[in-house]
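Quick note on our numbering: the sequence shown kicks off at 46 and runs consecutively.
All residues carry an ideal CB built from backbone N, CA and C; glycine is no exception.
See below for the structure under consideration.
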Amino acid sequence: MNKNLSLSLQLILIGCLTFFIHELVHFLAHLSLGHTVNFNINHIDLIQPKKIMDNWKQAWVSGSEAFFTFFQGFVAFLMLKKKSSRFWFNVLLSAFVLRLAAALLGIIKSSDEIKTSIAMGLPSYFWTSIVLLGLLYLIFKAKNKIGLKPRIILIHFTLLVIVTYLFSLI
Numbered sequence: 046m047n048k049n050l051s052l053s054l055q056l057i058l059i060g061c062l063t064f065f066i067h068e069l070v071h072f073l074a075h076l077s078l079g080h081t082v083n084f085n086i087n088h089i090d091l092i093q094p095k096k097i098m099d100n101w102k103q104a105w106v107s108g109s110e111a112f113f114t115f116f117q118g119f120v121a122f123l124m125l126k127k128k129s130s131r132f133w134f135n136v137l138l139s140a141f142v143l144r145l146a147a148a149l150l151g152i153i154k155s156s157d158e159i160k161t162s163i164a165m166g167l168p169s170y171f172w173t174s175i176v177l178l179g180l181l182y183l184i185f186k187a188k189n190k191i192g193l194k195p196r197i198i199l200i201h202f203t204l205l206v207i208v209t210y211l212f213s214l215i
């Protein structure tokens, strides 16, 4: 199989799975609280209750996903430390892309990190900053380990942004 086609398929799969697992974690957090939800491939619709009223429940539902995505990136980084691999670098990069997209969306509509920060009584961009800076630090450390050129990372980043956006439209 063509190397570029194989890489493109890998990026598509990683981007879609990162987004899907993000929603699956939200779903499991809602279930753990006894909420009734509609689970779709790329979003959750809260049915009962119609709105989460308790701050700790909001922090749990929103924060669980942000934590899990950061955890995904951290595990990918640890795997990279054991063995240099573009696959694990792309898993880490996908976690960053998803959280960056959420941060940018947070300008218009509240993101998971913003909801978590507010529910915890923190400044709204507190968790957004922590998660993004943490993942960015891991990417720079991983970049040095794997030896990818910035141009290649930018191409992977761009493809993951496109995949994440397109998956959100489904």
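Excluding the 5 residues flanking residue i on each side, which residues of the same chain have their C-beta closer than 7 Å to its C-beta?
i    : result
F132 : Q55
Within a Cβ cutoff of 6 Å, which residues of the same chain sit near residue i, ignoring the five residues on either side of it in sequence?
i    : result
V136 : I59 and A121
Helix, strand or coil for residue i, going by three-state DSSP, please let me know.
i    : result
I191 : helix
I92  : strand
I57  : helix
M98  : coil
S156 : coil
G151 : coil
I197 : helix
Find the nearest neighbour of residue i within the set the options, judged by alpha-carbon distance.
i    : options                   : result
H88  : E110, P94 and K48         : E110
L167 : K128, A104, L76 and I152  : A104
I197 : K186, S169, F134 and K154 : F134
Y26  : L181, L123 and D157       : Residue 26 lies beyond the stretch modelled for the chain, which goes from 46 to 215, so this question has no answer here.
Y210 : L76, L150 and I200        : L150
Any idea which residues DSSP pairs residue i with across the strands?
i   : result
F84 : I89
Quick check: residue i and residue j, are their CB atoms within less than 9 Å of each other?
i    : j    : result
L145 : L177 : yes
In chain order, what residues of the same chain have a beta carbon less than 8 Å from the beta carbon of residue i, not counting five sequence neighbours either side?
i    : result
L125 : W133, F134, L137, A187, K190 and I191
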